[in-house]
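Everything on this sheet refers to the single structure shown next.
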Amino acid sequence: MKTYKCICKTLDDTKQLAQRFAELIKDGCFVNLYGEIGAGKTAFVKLVADALDVKERVTSPSFVILNEYHTGSIPIYHFDLYRLENEGIKTIYDELREYSEGKQVTFVEWAEFNQNEAPFNHIKINVTYSDDDSRVYEFKSIGNKNKDIIKGLRV
Ligand SMILES: Nc1ncnc2c1ncn2[C@@H]1O[C@H](COP(=O)(O)OP(=O)(O)O)[C@@H](O)[C@H]1O
Ligand SMILES: [Mg+2]
C-alpha cells in the first residue's frame, strides 16, 4: 500500500491526478520529485497549485531555486535544485529544513541533489515519459506519516 502508479495519457489526465492529490494533502506534505527534463515535474506542481486555488501564475523555479505561493488554501514551497547541484545545495539547507514539517506543501524538483535534508516522512514521485503526451507518475511514501495519501490515491 505504499506505492501508486498512474499512467496519464494526456495533460488532462495529469490534471485529474493532481486534483486528487491536492485533496489528500490538506494537512501538508513534503514531496521529492524525480525524472528527466521535460518529464512533467513542474507541470504536476502547477496543476496541484491550481487545485489548491493558488491565484498567482506558477512558474518553474529552475533559475530562482525557490518559489513560494501564499494565496492558496495552504502555503506551497517549490524548489528546483538542478542549478545548485551537489555543492550549492548547502546554501539552501536552512530553507529546506524550515519547510520540512508542518502545514504546508513542499515540492522539490531534482531531489537527487538533496543529500540529507529531506524529512524522514515524505513522498517520492518519479515521472517518466514514453511517447507524446503520455506520462507515468509513480508515488511512494517513505515513513508512516503519508501512507494514507497513497491509500487515498489508490481508491
Ligand atoms: N500527460 C502530461 N503530463 C504532464 N505534462 C505533460 C503531459 N503531456 C504533455 N505535457 C507537457 O510536458 C511538459 C513537461 O514539462 P515540465 O513539467 O516543465 O518538465 P520538468 O519539470 O519535469 O522538467 C509540459 O510542457 C507539459 O505541458
Ligand atoms: Mg521543472
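For the sequence shown, counting from 1, position 147 maps to 155 in our numbering; every step adds exactly one.
Don't be surprised by glycine CBs; every beta carbon is placed ideally from N, CA and C.
Query: Rounded separation between N40 and T18 - CA only; Result: 22 Å
Query: Segment contact flag, the segment 21-29 with the segment 104-119, C-beta cutoff 8 Å, min 3 pairs; Result: no
Query: Burial state of H78, where buried means 16 or more other Cβ atoms lie within 10 Å; Result: exposed
Query: C-beta contact flag for A47 and Y137 at 8 Å; Result: yes
Query: Span separating the alpha-carbon of G151 from that of D141; Result: 32 Å
Query: Quiz: which residues have CB nearer than 5 Å to ligand 1 non-hydrogen atoms; Result: C16, L19, T22, I45, G46, A47, G48, K49, T50, A51, D141, R143
Query: G80 versus K54: straight-line alpha-carbon distance, rounded; Result: 12 Å
Query: Contacts around E167, its chain only, beta-carbon distance under 8 Å, and the 5 residues preceding and following it disregarded; Result: In the structure as shown, the chain starts at 9 and stops at 163, and residue 167 therefore has no counterpart that could be examined.
Query: K49 classed as buried or exposed, judged by whether at least 16 other C-beta atoms fall within 10 angstroms; Result: buried
Query: Collapsed DSSP secondary structure at K98 in the structure displayed; Result: helix
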